[in-house]
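Colleague:
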Amino acid sequence: MEQTYFFGSPSFVSLSQITVLSIDGGGVRGTIPGTILSFLESKLQELDGENVGIVGYFDVIEGTSSGGLITTMLTTPNNSNRPLYSAKDINNFYQQNSLNS
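38 is the number of the first residue of the sequence shown in this note's numbering; add one for each residue after it.
(1) What is the DSSP secondary structure of Ser53, counted as helix, strand or coil?
(2) What are the partner residues of Ser59, as DSSP defines its beta bridges?
(3) Just confirm the distance between the C-beta atoms of Ser144 and Ala124, as a whole number of angstroms; I'd bet it's less than 8 Å.
(4) What residue range is occupied by the uninterrupted alpha helix (DSSP H) comprising Thr68?
(5) To which residues of the same chain is Asn128 closer than 8 Å at the C-beta, ignoring the five residues directly before and after it?
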């Protein structure tokens with residue numbers, strides 16, 4: 038049976054080389070992790086080109102609470118098998134889709 042991988046085939050690394058991105062809930066509807074991830078992604082794009090996304094730099098991405106939603110946003114593929122959202126989209130998404138309280 039053929040396997041399908043999102044964002045390309047997996048890289049085979051030893052357990053000592055696995056990179057993990059753990060995204061905390063952060064409160065305030067994901068604004069804090071959204072801001073940090075957007076900054077990190079912009080710096081990575083300065084180094085490697087504007088088409089790179091944060092998901093390309095980590096073997097595992099996980100999150101709790103709002104961080105879990107952000108993880109889903111960053112790792113869900115679009116029709117071109119690219120991430121549906123980039124880190125810079127997170128804060129706008131929360132502002133447009135969250136209830137004001």
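Glycine residues also receive a C-beta, built at the ideal position from the N, C-alpha and C atoms. The structure displayed is predicted, hence computed values, not measured ones.
Modeller: According to the structure data:
(1) helix
(2) Glu99
(3) A query on residue 144 cannot be resolved here, the shown segment of the chain reaching from 38 to 138 and no further.
(4) 68 to 85
(5) Gly67, Thr68, Gly71, Thr72, Ser75
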